[in-house]
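Worksheet: the structure to be examined is printed underneath.
Numbering (the numbering used here), first residue to last: 5 to 465.
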């Protein structure tokens, strides 16, 4: 800890002589020292006590870039992503399951609200969870999130109507999932700077692995043991992984409780790069979740055999393992914004150039694999970009702002897609155009954010 030393032989100078200017430009004065004009010695005073802040973040050069606790946090955070976003990645399986079984009397648009609410509460929870992380550290949200997520899935396993399924699977479970999702990325970011892209890519890979394991479990278990016990089996797996996460995920900084100020979440939007980045995430997510939700239903409508179409979700999520690791690692070398722009462009081209004009089983499999890579990078790089343009001690708040706004895109995208399908009399062409155009707008905004942040001369950004 930095300490200031003052010594006086005759007369104690005025307090203004001891003003200290911090690295952020703020000037701090010393507390009253003594009324005696002839103080012979003033003891050392910690800089943190002068400022009134016991947790001054270390400079960027002091990031440990790993270490035992840093990599344990990465491992636990990957388990968090496996259990939260990995579970959400099953939306395609549940859309198909509900549309032809429990909720067959409801439209595709009505059923898609369940998956949309899952993504919404997972992402929108950033505001609340970010505040909890600042005030209490990762322990409280992780423990509470574990309980709510598992309890919600247990209730889903016995739910037998639209409203109860929506409340349990679409609201309660994802609120808990959000409380384990955000500590994963935010805590890991405090341990890495130069290797942040690679570390967060490994964490994001957990969601891809979960997106492979959970659909395969459900596809094979439902015909054998029924829907209820299949969901409960997944819930028990999630419980075990989240117990491990509770024991390993730690932040490098101690909690710093502050009063809740709503304005603090809006202030980052006054910065042009951050506002453009938030808008880019919104439009990109608006289009990206449509293929994830409807890929199985669309493939079956095109004539793909059921046993093959069911595995499109594991194929997509399996390919996203590449998308959430390799681009993140390369982004540390070529620039995070540069890599995101490349992957967002690829996503747009795949939707409009492959998914829209082609048909048949082979085309659907190729699209699922390539889209898994590009969309996986889009998801994995999002928290990296938020951290890239944020001070380390503001990552929680700023990430919460960006994700909470983009949550409304995830909430409305799939229901809009379902309504477009209904208005198109079962044709998927128009919804594919909507998804591709939304991702294209997001790509343009990523480019604008990149130049707003680094200008025209910056090459690696």
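Glycine included, each C-beta is placed from N, C-alpha and C at the ideal position.
For residue 174, which residues from the same chain have a beta carbon less than 6 Å from its beta carbon, with the 5 sequence-adjacent residues on both sides left out?
Here the set comprises 118, 121, 122.
Looking at the structure shown, is residue 329 part of a helix, part of a strand, or coil, going by DSSP?
In the structure shown, residue 329 adopts coil according to DSSP, grouped into three states.
Short of 6 Å in beta carbon distance, which residues of its chain neighbour residue 391, apart from the five on each side in sequence? Order them along the chain.
Excluding residues within five positions, the ones whose Cβ falls inside 6 Å are 193, 399.
If you measure between the beta carbons of residue 80 and residue 249, is that distance less than 9 Å?
Result yes, Cβ atoms of residue 80 and residue 249 sit closer than 9 Å.
Can you tell me whether residue 360 sits near the ligand SAH, meaning its C-beta is under 8 Å from at least one heavy atom of the ligand?
Ligands in the displayed structure: none, and consequently the ligand SAH is not present.
Please state the DSSP three-state secondary structure of residue 463.
coil
With a threshold of 6 Å on Cβ separation, who are the neighbours of residue 279 within its own chain once the five nearest residues in sequence on each side are excluded?
273
Give the range of the alpha helix (DSSP H) segment to which residue 304 is assigned.
276-305
May I ask which residues mark the beginning and end of the alpha helix (DSSP H) holding residue 400?
399-427 is the span of the alpha helix (DSSP H), which, as asked, contains residue 400.
Roughly how far, in whole angstroms, is the beta-carbon of residue 473 from the beta-carbon of residue 322, given that I think they are within contact range, below 8 Å?
The requested residue 473 does not occur in the structure, where the chain is confined to residues 5 to 465.
If I follow the unbroken alpha helix (DSSP H) through residue 200, where does it start and stop?
200-252
Please state the DSSP three-state secondary structure of residue 371.
Of the three classes helix, strand and coil, the one that applies to residue 371 here is helix, per DSSP.
Go ahead and label residue 302 buried or exposed: buried means 16 or more other beta carbons lie within 10 angstroms of its beta carbon, across all protein chains shown.
That one is buried.
Cα separation between residue 101 and residue 233?
So the two alpha carbons sit approximately 15 Å from each other.
Check whether the stretch 344-353 touches the stretch 399-409, taking contact to mean three or more Cβ pairs, one atom from each stretch, closer than 8 Å.
no
According to the Cβ coordinates, are residue 235 and residue 182 closer than 9 Å?
no
Alpha carbons only, please: which of 148, 419, 356, 341 is nearest the one belonging to residue 454?
Nearest C-alpha to residue 454: 341.
Between residue 357 and residue 327, which are expected to be in contact by the criterion C-beta below 8 Å, what is the C-beta distance as a whole number of angstroms?
That belief does not hold up - the Cβ atoms of residue 357 and residue 327 are roughly 18 Å apart, past 8 Å.
Please return the same chain residues whose Cβ sits closer than 8 Å to the Cβ of residue 251, not counting the five positions on each side in sequence.
For residue 251, the CB contacts under 8 Å within the same chain, skipping 5 residues up- and downstream, are 80 in chain order.
Could you give the residue range of the alpha helix (DSSP H) that holds residue 77?
71-87
Less than 9 Å separating the beta-carbons of residue 304 and residue 138?
no
Separation of residue 229 from residue 143, as counted between CA atoms
35 Å
Would you mind working out which of 204, 140, 73 sits nearest residue 329, comparing C-alpha positions?
204
Three or more C-beta pairs below 8 Å linking the stretch 414-433 and the stretch 364-382:
Taking a cut-off of 8 Å on C-beta distances, the stretch 414-433 does not touch the stretch 364-382, as fewer than three cross pairs fall below it.
I need the straight-line Cα distance from residue 185 to residue 127, nearest angstrom please.
Distance between the alpha carbons of residue 185 and residue 127 is about 9 Å.
At what residues does the alpha helix (DSSP H) containing residue 454 begin and finish?
433-458 is the extent of the alpha helix (DSSP H) around residue 454.
Measure the C-alpha to C-alpha separation of residue 76 and residue 427 and round it to an integer number of angstroms.
Rounded to the nearest angstrom, the two C-alpha atoms are 50 Å apart.
If you measure between the beta carbons of residue 291 and residue 365, is that distance less than 9 Å?
no
Please work out which residues of its chain come closer than 6 Å, Cβ to Cβ, to residue 282, disregarding the five sequence neighbours upstream and downstream, and give them in chain order.
406, 409
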